[in-house]
Structure formats: C-alpha cells, structure tokens
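Written below as structure tokens is the structure these notes are about.
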Amino acid sequence: MRCQGVFKQGGAAICQTWPNAVVEIGNIKTRADKDGFVLIGFDRDAPAEETLLAISGTQTPIGHGYKKLKIASREYSISHIDGLPPSQVSSFTKDQLKRIRASSARKKKGFASREKTLWFQDGFEYPLKSFKKTSPFGAQRILNGVKKRPHYGVDIAAPVGTPIYAPADGVVSLADNDLYFEGAMVLLDHGQGLISMYLHMSEIDVKPGQLIRRGERIGAVGSKGRSTGPHLCWRLKWRNRNLDPELLTRWPDKD
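Residue 181 in the UniProt record's numbering sits at position 181 of the sequence shown, with consecutive numbering throughout.
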C-alpha cells in the first residue's frame, strides 16, 4: 500500500490498495473506491503507531495487505474561557436537556452521511478570506474553572456577517439554525466519512443535499449557541475521529 498525507495527531492520509478493498484501522472499517483509494484519519490522541489492514475479496487467493504508520505526537495548549452562563457549563434543566437531545438527533443524521466521491483530494483552503485564529485545534478547555473535553475545532475571530466559504467540494449533510451548543451549523460531506463543520453562524446560505464547490459561500460568521463573541468554529471529523482542519491546508506530505 502507498499512502500520502499528514502523519501526525489530527492529520489524515489517502492510501491506495486494491479496488473496493475492505480497509481497517483501529476499530474503524471502511472501503476503498473503485480505483483503490481510501481515506484514513488520525485522532487528536492517536497512538505513535497504527496498523492499516486491507483485504481484497476480488483476488484469488484473497489478498491481504498490512502497513505500519508512524504518527507524530503534538503538544496542545490549555484554554480558559470564563463568563459563560452557568447553565452551559454545569447541570441542565429538563427543557435544556430536551433541546440538547433533539439537537443531537439532528446532528447524528448529518454525521451519518457517506458520500463516496473523494471531493477533498486537493486539500482544503481556509473558509475565511482574512481572519485571526484565537484557539487552535486540540486545546484543553477549562470553562468557568471546570475542566471539559478538548476543543476539537479551530476558532477564527471575525465580524458578524463575514462570508464563510467551502474549503473543498462537498455535499451539505446538515444546515440547521437552532442547535443548542452550536447555534447555526453547516456540515459538508467531503467523501468517505470526512465531514467539515461550521459553527455559530449568523446566516446559512445552503440546503441539505446541495453540492457545494470549493470557494462557494455557505453562510456568514456569527455568535449563536455557546459563544462568547463573533467567530467561526471550524471542525473536521473522519468517522468517529476528530481531525485538525488546518492540517489539510498543507496537504499532502509523503509517508
């Protein structure tokens, strides 16, 4: 197998194996496309080495391929955020929990999208034309003095109404104006389980099922949901792994 990409925590790679081969990494099973290309991603806390397994059912005998991937570790910053409403940091009321569950159900449907086309092979562009990054991927969040799970996005400060553009081609799998934590959010499915997220938007200009091309406007920066000021939280997931979207703007490196 041949792989190229960004081989560090939060990174991703495209590998080539047999056409339509079943590919496993960790507890994730996926499938290569008709040309044998398959995407894999490395979580924020990925181990120093991961094993990639490919199985082809079209070979006689069945082919097996293994590849050891070395994953570089990273150091993450610690981010303190104070001044949030207590209801968004500690316990929730019954009404809030009801809304959170409803939001989660809609997000789950969006994350289940599985476009087969590899829309992202040329990497990503930044979703804002000019910006100031205020929080990097992977930062440990301490909210009102309470340690929370790491921040899996890249926070970019910009005025309300600043246009947000698609960083790569993709299909809209969610466009929702009323999520409890995220406020208004768009999900773009870039293929093979790679989904980018745009949170706290003031405007949404796209609809579910719509094919969006790189550089097309999808909405505008806002401060809806759990937010202390106007900014875009830009996130990226591959299956159940959290990736750093900035790393795909430097795509690809050789393994």
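Note that beta-carbon positions come from the ideal geometry of N, C-alpha and C, so glycine has one too.
Exercise. Which residue spans inside the segment 15-85 form an unbroken beta strand (DSSP E) run of at least 3?
Worked result: The segment 15-85 contains these whole beta strand (DSSP E) runs: 22-25, 28-31, 37-41, 49-56, 63-70 and 78-81.
For this session: Note down the Cα distance separating residue 106 from residue 170, rounded to an integer number of angstroms.
Result: A direct Cα-Cα distance of roughly 19 Å separates residue 106 from residue 170.
Exercise. With 16 as the cutoff for other CB atoms within 10 Å, does residue 6 come out buried or exposed?
Worked result: buried
For this session: Pull up the DSSP beta-bridge partners for residue 169, would you.
Result: In the DSSP output, where bridge partners are listed per residue, residue 169 has none listed.
For this session: Return helix, strand or coil for residue 134, following the three-state DSSP convention.
Result: strand
For this session: Name the one or two DSSP bridge partners that residue 242 has.
Result: 237
For this session: Could you name the residues of the same chain whose beta carbon sits closer than 6 Å to that of residue 255, not counting the 5 residues immediately before and after it, in chain order?
Result: Any reading at residue 255 is ruled out, since the residue's pLDDT is 41, under 50, leaving its predicted position unreliable.
Problem set entry | Whole-angstrom C-beta distance between residue 191 and residue 243, which should lie under 8 Å | At roughly 14 Å, the Cβ-Cβ gap does not stay under 8 Å, so residue 243 and residue 191 are not in contact.
Problem set entry | Per-residue DSSP class, three states only, for residue 101 | helix
Exercise. Can you name the residues that DSSP bridges to residue 174?
Worked result: Paired residues: 187.
For this session: Please state if the CB of residue 227 and the CB of residue 298 are separated by a distance shorter than 7 Å.
Result: Missing from the structure shown is residue 298; the chain here goes from 1 to 255 and no further.
For this session: Could you round the C-beta distance between residue 110 and residue 187 to whole angstroms and report it? I think they count as a contact, below 8 Å.
Result: 4 Å
For this session: Buried or exposed for residue 96, please, with buried defined as at least 16 other CB atoms from any protein chain shown within 10 angstroms of its CB.
Result: exposed
Exercise. Between 1, 76 and 233, which lies nearest to residue 65 when the distance is taken from Cα to Cα?
Worked result: 1
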